[in-house]
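Peer 1: Quick one: this structure, given as structure tokens, is what I'll be asking you about.
Number of protein chains: 2
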Amino acid sequence: MCATSREECNNSVNAVRDALYVLNGKWKLLVIVVLSDGPKRFKEIERAIEGITPKVLSKELRDLELNEFVERKVYDAVPVQISYELTPYSDSLKEIIGALRVWGEQHKKYLLKKHKQQRAAMQS
Amino acid sequence: MCATSREECNNSVNAVRDALYVLNGKWKLLVIVVLSDGPKRFKEIERAIEGITPKVLSKELRDLELNEFVERKVYDAVPVQISYELTPYSDSLKEIIGALRVWGEQHKKYLLKKHKQQRAAMQS
DNA sequence: GGAGGCGGTATCCCGAAGGATACCGCTATA
DNA sequence: TATAGCGGTATCCTTCGGGATACCGCCTCC
């Protein structure tokens with residue numbers, strides 16, 4: 001990845017840095033995961049992500065809108081319905097999210113196994 | 001990804017949440033990117049990551065050691081040489097980092113194109 | 001006409017992450 | 001013997017991401 005030249009390594013660092021800059025924080029990617037299930041209303045998202053407060057969610061949604069990952073649509077039913085949905089551009093994040101999800105699952109198993117081993121070692 | 005059941009969506013959210021929990025912050029993944037070039041000494045890493053301070057780097061390295069992504073090796077040359085290298089387990093992160101790098105590059109191009117378009121629109 | 005849902009906002013507050021700067025003891029090298 | 005590199009630590013300070021709690025106006029449904 002970074003093994004050939006000094007130059008290339010720098011590029012990798014910068015690219016990853018750029019990505020992290022946009023996707024910072026605990027919540028943005030989670031919101032996108034939830035919305036990848038289909039358009040959702042504010043309170044639906046709020047309920048889907050345990051622990052998020054409306055203030056924070058509101059801010060994250062604004063950020064995601066600015067970065068054009070999410071679109072806020074207003075349907076003038078009565079009462080007005082507001083729906084958040086992913087933009088086509090957000091598809092480009094699918095691989096990152098997929099990788100994180102797979103890794104998260106795998107890491108949980110890894111930790112479980114490790115703790116089991118440690119407990120076994122304590123016994124002997 | 002999350003499109004079939006409520007249950008499965010929750011699992012995705014939690015897996016991604018777990019991953020983000022471990023990989024939080026601006027620096028951890030950057031350190032791993034740099035080390036993926038091969039073992040490095042403290043000051044080498046410090047120089048490779050523009051903007052990181054020794055205090056922060058020191059803390060990140062300790063975190064990464066705890067999570068078993070990085071090993072700190074002491075070679076008793078004179079003077080003592082200290083080397084940080086990736087563990088085999090850190091390989092599991094390769095896909096996340098790869099995805100971030102690709103996305104970061106692509107996103108930069110996306111932004112450039114967008115700004116060009118906006119400037120063109122201003123002119124007309 | 002009260003309860004409850006919707007889409008948020010307002011206010012207050014805290015802790016951790018991270019930046020700035022300086023410096024330590026040790027060693028080699030000039 | 002002074003300078004420079006190494007591997008960090010110490011101290012101080014600021015920012016801000018994020019939590020807690022409350023509440024708003026609007027609407028519908030009972």
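Quick mapping for you: the protein sequence lines, in order, are chains U and P.
Counting in full-length UniProt numbering, the first sequence runs from 1 upward without gaps.
Counting in full-length UniProt numbering, the second sequence runs from 1 upward without gaps.
Note that beta-carbon positions come from the ideal geometry of N, C-alpha and C, so glycine has one too.
Give the straight-line distance between the Cα atoms of C2(P) and G98(P), rounded to the nearest whole angstrom.
Peer 2: Its pLDDT being 49, under 50, C2(P) is placed unreliably by the model, and the measurement read from it follows with that caveat. Spanning the two alpha carbons is a distance of roughly 23 Å.
Peer 1: In this structure, how does DSSP classify E68(P) when only helix, strand and coil are distinguished?
Peer 2: Here E68(P) sits in coil by DSSP.
Peer 1: Which word fits S90(U), buried or exposed, when buried means at least 16 other C-beta atoms lie within 10 angstroms of its C-beta?
Peer 2: Buried.
Peer 1: Output the distance between the C-alpha atoms of L64(P) and D76(U), rounded to the nearest integer angstrom.
Peer 2: Those two C-alpha atoms are separated by around 50 Å.
Peer 1: Less than 8 Å between the CB atoms is what I'm expecting for V22(U) and I45(U), so what's the real figure, rounded?
Peer 2: The Cβ separation is near 20 Å, so there is no contact.
Peer 1: Could you name the residues of the same chain whose beta carbon sits closer than 8 Å to that of A121(U), not counting the 5 residues immediately before and after it, in chain order?
Peer 2: Excluding residues within five positions, none has a Cβ falling inside 8 Å.
Peer 1: What's the C-alpha gap between G38(U) and S83(U)?
Peer 2: Distance between the alpha carbons of G38(U) and S83(U): 10 Å.
Peer 1: Please confirm whether L66(P) has its beta-carbon closer than 8 Å to some beta-carbon of chain U.
Peer 2: With 8 Å as the cut-off, L66(P) does not count as an interface residue toward chain U.
Peer 1: Counting only C-beta atoms, is K108(P) closer than 8 Å to chain U at any point?
Peer 2: Closer than 8 Å: yes.
Peer 1: Taking T87(P) as the reference, give the member of E7(P), F42(P) and L35(P) with the closest Cα.
Peer 2: Comparing Cα positions, the closest option is L35(P).
Peer 1: Give the interface partners of V34(P) over in chain U, defined as CB-CB distance under 9 Å, in chain order.
Peer 2: Neighbours of V34(P) on chain U, chain order: C2, C9, S12 and V13.
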